[in-house]
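Below: the structure, in structure tokens.
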Amino acid sequence: MKAKYSNLEMMVTAASRLLQDDQKVLVGTGIPLVAGTLAKKTHAKKMKMLMEAVAYDCDPVSLPFCVADPRAVYKTKWLPTPVEVMGQFLQSGAIDVGFLGGAQVDKFGNLNSTCIGSYKKPVKRFEGSGGASDIALMAKSTIIIMSHQKRRFVDSVDFITSPGWYCRQMDGKSQAMRSDMGLKGGPYAVVSTMGVMKFDDTSKLMYVDTYYKELGVDLETIQEETGFDIDISQAKPIFPPTPKELEILRTKVDPEGIYIK
Amino acid sequence: MKAKYSNLEMMVTAASRLLQDDQKVLVGTGIPLVAGTLAKKTHAKKMKMLMEAVAYDCDPVSLPFCVADPRAVYKTKWLPTPVEVMGQFLQSGAIDVGFLGGAQVDKFGNLNSTCIGSYKKPVKRFEGSGGASDIALMAKSTIIIMSHQKRRFVDSVDFITSPGWYCRQMDGKSQAMRSDMGLKGGPYAVVSTMGVMKFDDTSKLMYVDTYYKELGVDLETIQEETGFDIDISQAKPIFPPTPKELEILRTKVDPEGIYIK
Amino acid sequence: MGEENIIELGQIKDFIHPGDRVWVGGWTLVRKPMAMLYELIKARLTNLHVVNQPGGPDTDLLIGAGCVSKSEANYIGHEVFGHPYNFRRQFEDNGGSSDFLHDDWTVGTGTMRILAGALDIPFIPTKFLRGSDLMNPDNDGFKDIRTTDPKVPKKKFVTMRDPFWEGEECILVPALRPDVCLLHVQEAFEDGTCRISGGVFLDYYAAMASKTVIISTEKIVKGEQPKKAYDENVIPGEIVDYIVEVPFGGHPTAVHACYDNDPLWFQEYIEASKGNESMDRWLEEWVFAHDSFTNYLERVGSQQLDRLVADPAYGYSPNILRRLDKIKEVV
Amino acid sequence: MGEENIIELGQIKDFIHPGDRVWVGGWTLVRKPMAMLYELIKARLTNLHVVNQPGGPDTDLLIGAGCVSKSEANYIGHEVFGHPYNFRRQFEDNGGSSDFLHDDWTVGTGTMRILAGALDIPFIPTKFLRGSDLMNPDNDGFKDIRTTDPKVPKKKFVTMRDPFWEGEECILVPALRPDVCLLHVQEAFEDGTCRISGGVFLDYYAAMASKTVIISTEKIVKGEQPKKAYDENVIPGEIVDYIVEVPFGGHPTAVHACYDNDPLWFQEYIEASKGNESMDRWLEEWVFAHDSFTNYLERVGSQQLDRLVADPAYGYSPNILRRLDKIKEVV
Chain A
1362 MKAKYSNLEM MVTAASRLLQ DDQKVLVGTG IPLVAGTLAK KTHAKKMKML MEAVAYDCDP
1422 VSLPFCVADP RAVYKTKWLP TPVEVMGQFL QSGAIDVGFL GGAQVDKFGN LNSTCIGSYK
1482 KPVKRFEGSG GASDIALMAK STIIIMSHQK RRFVDSVDFI TSPGWYCRQM DGKSQAMRSD
1542 MGLKGGPYAV VSTMGVMKFD DTSKLMYVDT YYKELGVDLE TIQEETGFDI DISQAKPIFP
1602 PTPKELEILR TKVDPEGIYI K
Chain B
1362 MKAKYSNLEM MVTAASRLLQ DDQKVLVGTG IPLVAGTLAK KTHAKKMKML MEAVAYDCDP
1422 VSLPFCVADP RAVYKTKWLP TPVEVMGQFL QSGAIDVGFL GGAQVDKFGN LNSTCIGSYK
1482 KPVKRFEGSG GASDIALMAK STIIIMSHQK RRFVDSVDFI TSPGWYCRQM DGKSQAMRSD
1542 MGLKGGPYAV VSTMGVMKFD DTSKLMYVDT YYKELGVDLE TIQEETGFDI DISQAKPIFP
1602 PTPKELEILR TKVDPEGIYI K
Chain C
601 MGEENIIELG QIKDFIHPGD RVWVGGWTLV RKPMAMLYEL IKARLTNLHV VNQPGGPDTD
661 LLIGAGCVSK SEANYIGHEV FGHPYNFRRQ FEDNGGSSDF LHDDWTVGTG TMRILAGALD
721 IPFIPTKFLR GSDLMNPDND GFKDIRTTDP KVPKKKFVTM RDPFWEGEEC ILVPALRPDV
781 CLLHVQEAFE DGTCRISGGV FLDYYAAMAS KTVIISTEKI VKGEQPKKAY DENVIPGEIV
841 DYIVEVPFGG HPTAVHACYD NDPLWFQEYI EASKGNESMD RWLEEWVFAH DSFTNYLERV
901 GSQQLDRLVA DPAYGYSPNI LRRLDKIKEV V
Chain D
601 MGEENIIELG QIKDFIHPGD RVWVGGWTLV RKPMAMLYEL IKARLTNLHV VNQPGGPDTD
661 LLIGAGCVSK SEANYIGHEV FGHPYNFRRQ FEDNGGSSDF LHDDWTVGTG TMRILAGALD
721 IPFIPTKFLR GSDLMNPDND GFKDIRTTDP KVPKKKFVTM RDPFWEGEEC ILVPALRPDV
781 CLLHVQEAFE DGTCRISGGV FLDYYAAMAS KTVIISTEKI VKGEQPKKAY DENVIPGEIV
841 DYIVEVPFGG HPTAVHACYD NDPLWFQEYI EASKGNESMD RWLEEWVFAH DSFTNYLERV
901 GSQQLDRLVA DPAYGYSPNI LRRLDKIKEV V
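Protein chains in written order, with our numbering: chain A, 1362 to 1622; chain B, 1362 to 1622; chain C, 601 to 931; chain D, 601 to 931.
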């Protein structure tokens, strides 16, 4: 039988489940914001959701277009500037979870939102880091959300906008393991349209933790849509969205269907 | 005949006359604040008076006890913190006049508000710089107000808290002329209980510009009460306080007689 | 500033010159001084060096109109509305040839840099930037002009060891020093004092750091104000050089408590921005065709403007339909 | 923070330990957390390292009560009320012997240092300090302990050439990193969010820079607030660890919109502070004798407290007589 929810809805639900009460979560616009809002309206009501431009502890009744949207500051108790949110909270390591999207992710969780091809003469140029590089670097842990396609899940990203587990060194050229560089944090999970990937404690390589079996996703397809050999040996089917999660997502979080079309 | 005003009133009036419209003046508490307030209520209504802790463009109806006093923010249009007043306005060179007092001043206009005697084992220890050192360094020009006594007008101050025309160099030991160190600003005048002193354009040495003749002050007394040879050759009698200046000072600026006892 | 510095929209072009480093206030889709930017485009200003962090339709539009030769930014885009095609074309077509130089940063470093500018210190340490390809010297977009262009820092960043505490390796980034700062605010007094609601973003810091500050405001507030109102002021008149009153001056971006984003504008603009010819046609219709901002607003249409007006209870308009793929169904 | 972190005055001593770097909020004579300081004195806390910039009766009192072994400040005094005799005696008697070390700074550098602390960067460049004897290495009050005490920066300052712009010589000063931050505010919510009127001074930055933040408040505001009220909030509850409700908790300093300075207190305190014996007697009468802050306020007297209450129209009390030499005539 056909599942009564979409891959996008499963992805947002899976991502929201990774957030907990008492966490300070810095979210980007788009799907991360939708998942964060879903978490706040379900199991993580006390979670503090921040946005880099101004929003502090926001719980929007209508989804913001961007991190500075008036919808993001509706009823918030404090209106900081990026000097406080990024310069102080994030830079001092006070953010628990950074919630990011991107154009490319590699097997070490490095993110690219800058360009495809060479930096100087790219095949495709994107909007740029925004706060992603800072968040991936300074948040205690990072969650990545991305559509699962071979061209997005690559062996090595064309440009490291946001450092994962295998980072650029201070010389700007060679790469080293994040911990060897004395950097804290790092990617905790990649939530895609097919499953939830995590990183091996020792090798820091991406592996499949759960996949969307009920939606017809199988591990072969995940391997096909992944640009590097990915460990699927520990993969378990994910628990589907509960009726409550779906109802809140569809009626309270994104009733306009702006992100979840 | 006996003058109908005191040396203190002459000093405050003389100081206030040195301030002009369209200047941004950073004042310390005490007599500088009184003189600044008198200027705002007489000839320099558009002058902006700032205080380091919070006050921006203040025009108090009651004299503040200190630079953070609620009297200082009454009806002000903006409430900055010291990060804006000191870190930004002053540090960026946007303050026209710094208005300071101190315990000792020397012939080059260096100010001491730290200690008498050696720094480690002082004969007398004072409150410390506060913002005086910063203001004397970064304001476009500085005005000093001080009671005229031999122990206060010294050849060389025991401790340079606030740099005048002959400053401490970067090595912290040797001294050099302010301009040779690439420092802007510098003391413009010293207003005392006996007269108004200025600094020679080339030698940067203090000389007597005007003195309070009507109050019985003569140039010999000024020399006696000055701890170094001071040029009195250009000294002129000062124009006494006008009835309007005295009336506003006594009835509007300090009716309680807190500073002008 | 004094009341003599209250100007007309048409005058602002006189205060901005080729080569100037320009900070455009607001944040991506919010409180962008669009009316002033349309004026700069009409004046055919060129060789601007855009330094605001981040950029939205403002920056993509200036690039598309040929006003920009240098940009340093952490982001240029339209967020959920679509991609910044004018910005993209600079790279994808001419491969970053010397007539457009772009230097990539991050929100964290952009914030630290304008803070340093406001403090008037030449540089500031930061923990950001580490671990990314933004540190690769080959990826320094201004590499070739750092020693020759005095408006550009001699280095993108410098590393040094902290001499005071644990001795960790630090990154020093240069201050941002805009020549001109263009902001749009909800209210300004006749003396230039500004009031902003819904978030100041980096506007105050940019104004403090800039040589010339020009502000467009929805409304110029006249006369004595109650003390309570003063507490909401965020930019003192002393650092403002000129103000101009332009209702709807932030359209098509959102201005908290005044009006919302205009999805229709974005849909038409983004479609047009996909090619040079279509972009030129768009500029003709939306910018050059209008001899006043009132004409421009007529082009937007009073019915659409009414739909954008913010609900005081929310600060935005709950009435706009925001799904671009569905908009056609109702308009 | 959560409501479980709303504490009693008597508990605060449990969160402060010998050797801690303590930031005391407010500014000289304004919004000092005096009630909390009396508690620390009653608990006979010693070896505190006071780092607030500047200090008023708070710091002179802690020194006079023997709680302080190190202080770094730009000013310690009572402004127009008189001199800080307890502070002075440390130098004039024992000539700065090692049981009290003092490091002199300026308001400008103190501001930059706590800003760096809030940004969590190890140091920050500044233009201040140049030209003064504060730069003389022999005058570094912490010289002897910089390499041995991990709570003190290894150097007072470092000079370097700006590598980005005109290459001017810069001074780098170390961040201030308080262990504990004690603030007094007008209002706090149950979640720790604070509202301050009449100027925030450096309180927000100090709270952001400190490991533990303890706040005494005139009033704990309960329940949902109107959005408008939220706009006045200046410290988010997330960075606050504990709050305690103490009406008149700032006495004898002024708390904007609540009450004014108490000249009678200053007159009596300053007279007593001139000698060790008289200071001890004062501490006995004004601190140790009281088992609660209510007792202390009774000692002040309800008639005097009424006289101090602020006139809402001004934010201070126009009724107090402020000339210390005349006070006796009316009391």
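We treat Cβ as the ideally placed atom computed from N, Cα and C, and that holds for glycine.
Residue i and residue j closer than 7 Å at C-beta
i, j, result
"MET634/C", "GLY850/C", "yes"
"CYS794/D", "VAL800/D", "no"
"VAL650/D", "SER671/D", "yes"
"PHE1589/A", "LYS1468/A", "yes"
"VAL630/C", "ALA1429/A", "yes"
"TRP623/C", "PRO778/C", "yes"
"ASP1506/B", "GLY1462/B", "First, the amino acid is wrong: residue 1506/B is Ile here, not Asp. In this structure, GLY1462/B lies closer than 7 Å to ILE1506/B by Cβ."
"LEU908/D", "ASP862/D", "yes"
"GLY682/D", "ASN647/D", "no"
"THR747/D", "VAL780/D", "no"
"VAL1422/B", "VAL1551/B", "no"
"VAL821/C", "ILE607/C", "no"
"TYR1573/B", "GLY1556/B", "yes"
"VAL840/D", "ILE641/D", "no"
Endpoints, alpha helix (DSSP H) assigned at residue i
i, result
"TRP865/D", "863 to 872"
"TYR1568/B", "No alpha helix (DSSP H) contains TYR1568/B, which is instead part of the beta strand (DSSP E) from 1567 to 1572."
"GLU1586/A", "It is not in any alpha helix (DSSP H) - GLU1586/A carries neither H nor E in the DSSP assignment."
"LYS642/D", "634 to 642"
"GLN690/D", "685 to 692"
"GLN940/D", "Any answer about residue 940/D is impossible in this case: the structure gives chain D only from 601 up to 931."
Rounded Cβ spacing between residue i and residue j (contact assumed at less than 8 Å)
i, j, result
"ASN1471/A", "PRO1524/A", "6 Å"
"MET636/C", "LEU782/C", "5 Å"
"LEU1387/A", "ILE1496/A", "6 Å"
"GLU1608/B", "ALA1364/B", "GLU1608/B to ALA1364/B, Cβ: 15 Å. No contact."
"LYS727/C", "GLN1452/A", "5 Å"
Sequence-distant residues of its chain with Cβ nearer than 6 Å to residue i (five each side left out)
i, result
"GLN653/C", "ALA673, ASN674, GLY710"
"LYS718/C", "Note that residue 718/C is Ala in the sequence shown here, rather than Lys. Excluding positions up to five away in sequence, the list reads TYR805, MET808, ALA809."
Residues of its chain near residue i, where Cβ-Cβ distance is below 8 Å and the 5 sequence neighbours each way are ignored
i, result
"VAL758/D", "PHE723, ILE771, LEU772"
"SER1490/A", "SER1474, THR1475, THR1522, SER1523"
Neighbour-count burial assignment, residue i, 16 or more Cβ in a 10 Å radius
i, result
"ARG730/C", "buried"
"SER1540/A", "exposed"
"ALA913/C", "exposed"
"ASP1383/A", "exposed"
"ARG761/D", "exposed"
"GLY695/D", "Unreliable positioning characterises GLY695/D in this predicted model, as indicated by a pLDDT of 48, which lies under 50. A coordinate reading is not provided."
"ALA889/D", "exposed"
"TYR1620/B", "buried"
"PRO774/C", "buried"
"GLY837/C", "buried"
Limits of the unbroken beta strand (DSSP E) element including residue i
i, result
"THR817/C", "812 to 821"
"ASP703/C", "701 to 704"
"TRP882/D", "Counting along the chain, TRP882/D falls outside any beta strand (DSSP E), though it belongs to the alpha helix (DSSP H) covering 876 to 883."
"ILE1505/B", "1502 to 1507"
"GLN611/C", "Per DSSP, GLN611/C belongs to no beta strand (DSSP E) and is neither H nor E."
Close Cβ partners of residue i (< 7 Å) along its chain, the five nearest in sequence each way excluded
i, result
"LEU1380/A", "VAL1386, GLY1397, ALA1400, ALA1405, MET1408, VAL1458"
Report task. Note down, in chain order, all residues in the region 721 to 737 of chain D with a beta-carbon under 9 Å from any beta-carbon belonging to chain F. Result -> No chain F appears in this structure, whose protein chains are A, B, C and D.
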